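Colleague: Protein chains in written order, with the UniProt record's numbering: chain S, 1 to 232; chain G, 1 to 232; chain E, 1 to 232; chain U, 1 to 232; chain A, 1 to 232; chain Z, 1 to 232; chain R, 1 to 232; chain L, 1 to 232. No residue lacks a Cβ here, since even glycine has one placed at the ideal position from N, Cα and C. Bear in mind that the values here come from a model prediction, so they are computed numbers and not experimental data.
Number of protein chains: 8
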Amino acid sequence: MAEFKLDLARQERIGLDEAIFCAGKTADQIAAILDSFPAGGGLLLTRLDGAKFEALPARLRSALDYEPLSRTAILGTPRPARALAPVAVVMAGTSDVPMGREACRTLMFNGQPHTAFTDIGVAGLWRLLDRIEEIRRAPVVIVAAGMDAALVSVMGGLVGAPVVALPTSVGYGVAEGGMPALHSALASCAPGVAVVNIDNGYGAACAALRICNLLARRDVAPPAGASHFVTP
Amino acid sequence: MAEFKLDLARQERIGLDEAIFCAGKTADQIAAILDSFPAGGGLLLTRLDGAKFEALPARLRSALDYEPLSRTAILGTPRPARALAPVAVVMAGTSDVPMGREACRTLMFNGQPHTAFTDIGVAGLWRLLDRIEEIRRAPVVIVAAGMDAALVSVMGGLVGAPVVALPTSVGYGVAEGGMPALHSALASCAPGVAVVNIDNGYGAACAALRICNLLARRDVAPPAGASHFVTP
Amino acid sequence: MAEFKLDLARQERIGLDEAIFCAGKTADQIAAILDSFPAGGGLLLTRLDGAKFEALPARLRSALDYEPLSRTAILGTPRPARALAPVAVVMAGTSDVPMGREACRTLMFNGQPHTAFTDIGVAGLWRLLDRIEEIRRAPVVIVAAGMDAALVSVMGGLVGAPVVALPTSVGYGVAEGGMPALHSALASCAPGVAVVNIDNGYGAACAALRICNLLARRDVAPPAGASHFVTP
Amino acid sequence: MAEFKLDLARQERIGLDEAIFCAGKTADQIAAILDSFPAGGGLLLTRLDGAKFEALPARLRSALDYEPLSRTAILGTPRPARALAPVAVVMAGTSDVPMGREACRTLMFNGQPHTAFTDIGVAGLWRLLDRIEEIRRAPVVIVAAGMDAALVSVMGGLVGAPVVALPTSVGYGVAEGGMPALHSALASCAPGVAVVNIDNGYGAACAALRICNLLARRDVAPPAGASHFVTP
Amino acid sequence: MAEFKLDLARQERIGLDEAIFCAGKTADQIAAILDSFPAGGGLLLTRLDGAKFEALPARLRSALDYEPLSRTAILGTPRPARALAPVAVVMAGTSDVPMGREACRTLMFNGQPHTAFTDIGVAGLWRLLDRIEEIRRAPVVIVAAGMDAALVSVMGGLVGAPVVALPTSVGYGVAEGGMPALHSALASCAPGVAVVNIDNGYGAACAALRICNLLARRDVAPPAGASHFVTP
Amino acid sequence: MAEFKLDLARQERIGLDEAIFCAGKTADQIAAILDSFPAGGGLLLTRLDGAKFEALPARLRSALDYEPLSRTAILGTPRPARALAPVAVVMAGTSDVPMGREACRTLMFNGQPHTAFTDIGVAGLWRLLDRIEEIRRAPVVIVAAGMDAALVSVMGGLVGAPVVALPTSVGYGVAEGGMPALHSALASCAPGVAVVNIDNGYGAACAALRICNLLARRDVAPPAGASHFVTP
Amino acid sequence: MAEFKLDLARQERIGLDEAIFCAGKTADQIAAILDSFPAGGGLLLTRLDGAKFEALPARLRSALDYEPLSRTAILGTPRPARALAPVAVVMAGTSDVPMGREACRTLMFNGQPHTAFTDIGVAGLWRLLDRIEEIRRAPVVIVAAGMDAALVSVMGGLVGAPVVALPTSVGYGVAEGGMPALHSALASCAPGVAVVNIDNGYGAACAALRICNLLARRDVAPPAGASHFVTP
Amino acid sequence: MAEFKLDLARQERIGLDEAIFCAGKTADQIAAILDSFPAGGGLLLTRLDGAKFEALPARLRSALDYEPLSRTAILGTPRPARALAPVAVVMAGTSDVPMGREACRTLMFNGQPHTAFTDIGVAGLWRLLDRIEEIRRAPVVIVAAGMDAALVSVMGGLVGAPVVALPTSVGYGVAEGGMPALHSALASCAPGVAVVNIDNGYGAACAALRICNLLARRDVAPPAGASHFVTP
């Protein structure tokens, strides 16, 4: 019996395709979703761990572009790359790569160019300063960092572009689960940093895509007659 | 003795002026900061409650444009309004107005047009749907909501523009302090919602300004020779 | 030695049969409870995971109606369906189905009609509005939702019937364990929403049954001579 | 400038009038709301503490029926009492009276009869058992209790009617703020107890009103042709 | 190399033998402790789960009196039973038996008589009242209860003997880990209830033993010349 | 109107008089309780802060023995002192004196001798060791300590008598509210320490009184024919 | 009656004088402590807020060197300055000055030179890098920072000296109370950062003093015959 | 593709080699890091559990000095032991040995002598006092303790050397995860105790190394002309 209904109109409504979050679903449920998907389109699957991927029928496994570290899979064809400067996806350490790569795969699936920067931690500040000019050219900067997430504030003070903080659950003791990274990002001393949920690489990419879609549209001139400041 | 140093180069570096966060400072400290400020510029003060404003010397009080509900004050002249469509600042209820207005004042100080929408709660869904077309024209949507912050997810599913969630500390019992609103926004079922700290109207506005500054620059064509997708 | 005593008089006292919560019990303990149960009656088992079901003796396994997704089993015969309009069991997403189905199975075991609604999330508001008229005909609405549980508030603003919120533990990061869903439901901006524990489909159904039992009794005329308002 | 919009259609939509939550509003904002209210109707104000009431203009103060312990005020005329058995509002101790009385006032404003029971704590079990027969005649039982809220479970095991737990913030140490009372009610060993936010007497009454409205309507026969059990 | 040193003088100093807490130790470490133990004495092991017990050398396994549900083992001979009325160990439900039994085994090992009472939950109040006279004869009452732990307060209001609350980690959702049971016991409305850590059956028994040892000594006449009340 | 009912049978049932917890009550409510109290008896009031005491009518103020630091008051005559060795009330520092003194006043009101020991912190271990012999003569030891509450474990390892830990809310930062003291006491490495709620000096004294009442009764011989060990 | 006993031997035992923590004490208690203090010595008082200082007798007020921002007072004469390089006390922002100054005053009272550095936040990285060479000359670096405390990690990666993190309670929303700053410091990606309690400027200075005392002693040659590595 | 970059200049900059934290990395990632390491140096690996070690290629396994209890491995040659008195690594119980040993291995790898002390809990105070003179000779004392971590405060009151508290996650109930141990250490009543993250034996050793490196340098004379006290 059908227990799911894909929101195929989401792209039209908000410019983002629906993705299938696999963590709370059985392999059978995922297979049923894939089988119900209309041919010709593209579909992104997130949080698909290796064991669950292996439990899918062979015909579905071979139809998927699966990447194990980020636990993402793509069915069908990603959108073609568009002509925008690449989003910067900056990862503080090796342990942040899975979440950062989930963001990269989501951007790629949606046709948005990106560049990944790895091992850019603040404990080795010079490695960060060496690459800052390149990062500054990005229209949006995603910063994946766990533990103290100090990189978020440092980056927020060095670039003027929108910064999307992606706190990660890397850590132990007080950092178990990623709360300090999340709270550091929210309490960042750098102004205007925006934050997504812990380990939510998909969400960080979607936040970046909302911005990049806006840049691609370029129809943000003020409506005629609009008053400038309407405060309550 | 000077205990503070204004970061006057911040505007040049990241496109945002430094603001003075007054909550942890005495009236004497604030007066000293204002006195040290070079003439001709503009300065935004946040979290300046009424009692502390009254404790400032009369010459400083008369130099400030003070607004009590948002607890903001402006010294000098805001930037002139620029030609961008207004940011939408949507407030779920009357109790969210102080935080939403802090965002409005910050946008205004930086020359960014905005429109405020009030009493747009999901418990009265039709009031929201009545105004959604107008909201959809905004380049960025700030959503100020407390309690369950359900408005964040509803809005995130209805507009394609970047959505900045501003959770507020309105509430009692489990909602005391605003944690449920923050966590609802972070766990939103609408993709790509970005979040700032509880009651951080200034930060929400800065996140919107980073995006609007980008739109105003319009120099986001890809650099020559950039590879499209560089994933780690 | 007998370590348990079934409360067989509970039905008479409060109109609800006792159920066996299997999560903290060994297969041996469960088997002993089933063997001690008097023939002819019906018994509901909750939180019986697949491995524990398989560890029961074959004669008990074949006597049970087991449903794996909801982890419920029924021994003996459910009560016959009574003539009341069906309770609505609304599930926000596929991941909420196990908890919603536990509620459905509990209602069915107690002879209460119900209708399940799936994939009714607020991020796709139109899917919800398409079905709201049907939901409005229910005497009680159970809403199973995780993450931000925004559906609870939206539903609470659209129907006048009693709404029982069933927050689920679906999610990760700040939503890990279901606390944001619980807190959103408790802080709902829609008035009069009542809430049960996270993942407690059985409890949500029992709360609905207490209401439906009342409707079936219909003996709620005021006692003679009762003063209307006796406030402390 | 109008910062609020009363949802005057709420009564028609869900059978509950909108109430004004005064905690996050200034006396000026409350006065503006009252002044904008159409003559002839009735309006309930909650969380209106004494100082704020005193700060209202005299003409508004004299128009309000104000009760200080529950911090509620009523503008205009409550609905006439209807012919339903009284809801039982049970308070564990003297400190729970303010929250219980907020529930009583909300019921009274909506025309629903009720009876209040005070000092019914489980540490003196006989006082509870002496009054249980009277409580059992109520269509709905609201239980206001703080600290360990043990009364919720005891009551849930003694009555078959819907039980609405109203945890209160009475207490200190681990009970500061009411979390143990809330969690005890959610984890109650009595099946089918439904819970509202800490200190939310208004919400507990609204949950009871949703049930009583249903009883008053009595139109809950099943629609023709409805299948009994539609599980996902 | 010796990494541990048994505190063999503890019995003399405080009247309680040291027990070996096995949860954080490897099977090799436990075997080394047992091998170093002087012949002729008795030793209690707690938190020894089945897999770890099976990993011990056969000669040690056969020397131990192992009980799997409570995860306790006894090496050597318990103390002979002394002539004191039995401690009551009251368990709210079947899921509380492992913790209650750990208390029973600790009492038995120390020669203290006890009686276990099972399935004494408050949701079925009559089962509790049927047995209260027997419980009242105990010098100390240990109450093992999870979820809302309402039994603690009910029992504390019915008996005058010292009550030791043993909150258990039985539960899910807000009750996951046992915090509500702990907090309910600490905030109990019954005066003078003392509490031990969640699942600490050994500690509850030791608290009871401190009291029973005192009763066995009976040397609590006041010292000559002691002033009665010396308040700071 | 009567909103309270004193539980005058409590002394008979559990050997402890009811006390009036004043924190959640208005001066009017307290005065009404005192006026309703039958002449000739004794009544203990706790958490009666100075302002509230001053708000009582003069005739009641003069009838009360009020002690401001412990915020306790006694109406009527305490019980005469009985012939038991004094309970030791040990306070780690000056800041713990209010809570320790609440325990002392409760013991005194109930006729139980006690001796107070002050400034017995572990950071100055020798001060503690100097007085340990005197403390060892007590039938029960109450330990009032905040911050890390290390004194609880040290004391639990030095005396064999029942130890009642009274964690206090003294502290700041992580110790704000007393949680670390409570958790340290619950996780104490000394076996058999029993714990009451933070700042609950009254409860600590009641736990001691339950033990001392038992010693005073001395009727704890085993009932004829009782089996020694009845484990579930 | 004496409720306190100064630990005058502490200096001899661990090289640090006892300080009087005034937060939990009344002005009367503090006056009694000061009066009992032997003439000729020095005494440090912490957390003495202005109102409490004003409530002291005039003769005591004039004997104290009181500094309001740090809420410290000194009775008698500090130790003479010794010949060690100054400890660096680095403060991220103006709001961190009170806590940093408490550390400075404690160092000064104990004769340890120090240098304060203010407004060294990471959002303006160049201000930090400008002063790093001077900071690197310190034997110990105390870093006072609130909000995200990113400065702790940046500093820990730039200097080799012992770093003592002093998280401050500056902030709001998730940063209310200072938990994110504490957790960031504990989870710092820079190795070997040691942390004290939130706002504990006195403790940070004492940690530095333990190190500086060691440097002043310089008697850390290995004892004859010591094995180098004795691992358990 | 290279996802990591070793910070080989860290030793020069802050005197500590970079270590490889293996918990968040796959065996493949660790192998790649080891293969990229330049011959002749030494490298410390932490949190390398047995299964992951076994998954490394045989050639790498044989090149590593692996110690399973502390989960550390050393590639290449540790630094030669230097002539400083040994750091004391004090462990409260057997369960704290893994974390204490991680500290010992880190010290050894860096050439710093140390001595380990085991089973030094406060519940057996005499065992601690027997060894205190030896511990007092250490330049730094690391205290590894879980549960209530009372040993930290006792030790801090007995020695004048820098004390680094290493709270451990040993425990259950409220102590699950180590929070009470951490909070007790942070709220210690002994002045100047510095704390590292839960289970962070590596970090505790690094904090000690920063101090020992300072002692080895001995260049802490004040710079010419430095003012003694420069307070903000």
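Nearest-angstrom Cα distance between A131/S and V152/S?
Modeller: As written in the sequence, residue 131/S is Arg, which differs from the Ala given in the question. Each residue's Cα considered, the two are about 15 Å apart.
Colleague: Give a yes or no on whether 9 Å exceeds the smallest Cβ distance from E3/Z to chain L.
Modeller: Confidence in E3/Z is poor, its pLDDT being 45 and thus under 50, which makes the residue's placement unreliable; the coordinate value appears in the next sentence. Chain L, which has no Cβ nearer than 9 Å to the Cβ of E3/Z, makes this no.
Colleague: Between which two residues does the beta strand (DSSP E) carrying F37/G extend?
Modeller: Unbroken run through F37/G: none, as it is neither H nor E.
Colleague: Could one say the Cβ of I142/R lies closer than 9 Å to chain Z's Cβ atoms, at least one of them?
Modeller: Chain Z contact via Cβ: absent.
Colleague: Using beta-carbon positions only, say whether V89/U and F109/U come within less than 9 Å of one another.
Modeller: No, the Cβ-Cβ distance between V89/U and F109/U is not below 9 Å.
Colleague: For a contact defined as C-beta to C-beta under 7 Å, what are the partners of G173/S on chain L?
Modeller: Neighbours of G173/S on chain L, chain order: G178, N197, I198, D199 and N200.
Colleague: I'd like to know whether the C-beta of S70/L is nearer than 9 Å to at least one C-beta of chain A.
Modeller: Not one chain A Cβ lies under 9 Å of S70/L.
Colleague: Which chain S residues sit within Cβ distance under 7 Å of A187/G?
Modeller: Within 7 Å Cβ-Cβ: N197.
Colleague: Can you pull the chain A residues whose beta carbon is under 9 Å from the beta carbon of S184/L, in chain order?
Modeller: Ordered by position in chain A, no residue passes the 9 Å Cβ test against S184/L, which lies about 14 Å from the chain.
Colleague: Could you name the residues of the same chain whose beta carbon sits closer than 6 Å to that of T46/R, not counting the 5 residues immediately before and after it, in chain order?
Modeller: Closer than 6 Å at the Cβ level, and outside the excluded window around T46/R, lie A19, F21, T72 and Y202.
Colleague: Say yes only if the C-beta of L158/R is nearer than 8 Å to one or more non-hydrogen atoms of the ligand GDP, and no if none qualify.
Modeller: Within the structure as shown, the ligand GDP is missing, as the structure has no ligands at all.
Colleague: Return yes when the Cβ of V143/L is within less than 9 Å of the Cβ of G24/A, no when it is not.
Modeller: No, these two residues do not count as a Cβ contact at 9 Å.
Colleague: Which value, in whole angstroms, describes the spacing of the CA atoms of V159/A and R82/A?
Modeller: The alpha-carbon atoms of V159/A and R82/A are separated by roughly 23 Å.
Colleague: Mind checking E3/A: buried by the 16 CB within 10 Å criterion, or exposed?
Modeller: Note that E3/A scores 45 on pLDDT, short of 50, meaning its location in the model is unreliable and no value can be drawn from it.
Colleague: Taking its Cβ as the centre, do 16 or more other Cβ atoms sit within 10 Å of R61/U, making it buried, or is it exposed?
Modeller: When all chains shown are included, R61/U counts as exposed.
Colleague: Are there three or more Cβ pairs, one per stretch, closer than 8 Å when the region 198–218 of chain E is compared with the region 177–196 of chain U?
Modeller: Touching, yes.
Colleague: Which runs of the beta strand (DSSP E) fall wholly inside the UniProt domain "PurE" (85–217) of chain U and span at least 3 residues, in chain order?
Modeller: List check, beta strand (DSSP E) in window: 87–91, 114–117, 141–145, 163–167 and 193–195.
Colleague: With 9 Å set as the bound, which would you pick, yes or no: does the beta-carbon of T77/U sit closer than that to a beta-carbon of chain E?
Modeller: No, because no Cβ of chain E sits closer than 9 Å to the Cβ of T77/U.
Colleague: Quick one: Cα of E54/S to Cα of A27/S, how far?
Modeller: Spanning the two alpha carbons is a distance of roughly 9 Å.
Colleague: By DSSP, does A2/R sit in helix, in strand, or in coil?
Modeller: With a pLDDT of 39 at A2/R, under the threshold of 50, the modelled position of this residue cannot be trusted, and the question is left open.
Colleague: Does the beta-carbon distance from L125/R to G157/S come in below 9 Å?
Modeller: Going by C-beta atoms, L125/R is nearer than 9 Å to G157/S.
Colleague: Thinking C-beta only, is S184/Z closer than 9 Å to S184/L?
Modeller: Closer than 9 Å, so yes.
Colleague: Compute the distance between the beta-carbons of V154/A and A150/U, then report whether it is under 9 Å.
Modeller: The answer is yes: Cβ separation under 9 Å.
Colleague: Would V87/R and P113/R qualify as a contact pair, given that the criterion is a beta-carbon distance under 9 Å?
Modeller: Taking 9 Å as the Cβ cut-off, V87/R and P113/R qualify as a contacting pair.
Colleague: I want to see whether chain A comes within less than 9 Å of Q11/E, judged by CB atoms only; does it?
Modeller: No, its Cβ sits nowhere closer than 9 Å to a Cβ of chain A.
Colleague: Assuming contact is defined by CB atoms lying nearer than 9 Å, are R210/A and L48/A in contact in what I supplied?
Modeller: Going by C-beta atoms, R210/A is not nearer than 9 Å to L48/A.
Colleague: Taking only three categories from DSSP, how would you classify L69/S?
Modeller: Note: L69/S maps to coil in three-state DSSP.
Colleague: Could you please give the first and the last residue of the uninterrupted alpha helix (DSSP H) stretch that includes L48/Z?
Modeller: Looking at the DSSP string, L48/Z is not in any alpha helix (DSSP H), and its letter there is neither H nor E.
Colleague: At a Cβ threshold of 9 Å, is T106/G touching chain R?
Modeller: Chain R, which has no Cβ nearer than 9 Å to the Cβ of T106/G, makes this no.
Colleague: Within 10 Å of its beta-carbon, does I14/E have 16 or more other beta-carbons around it, so buried, or fewer, so exposed?
Modeller: The residue in question, I14/E, is buried, as its Cβ has 16 or more Cβ neighbours within 10 Å.
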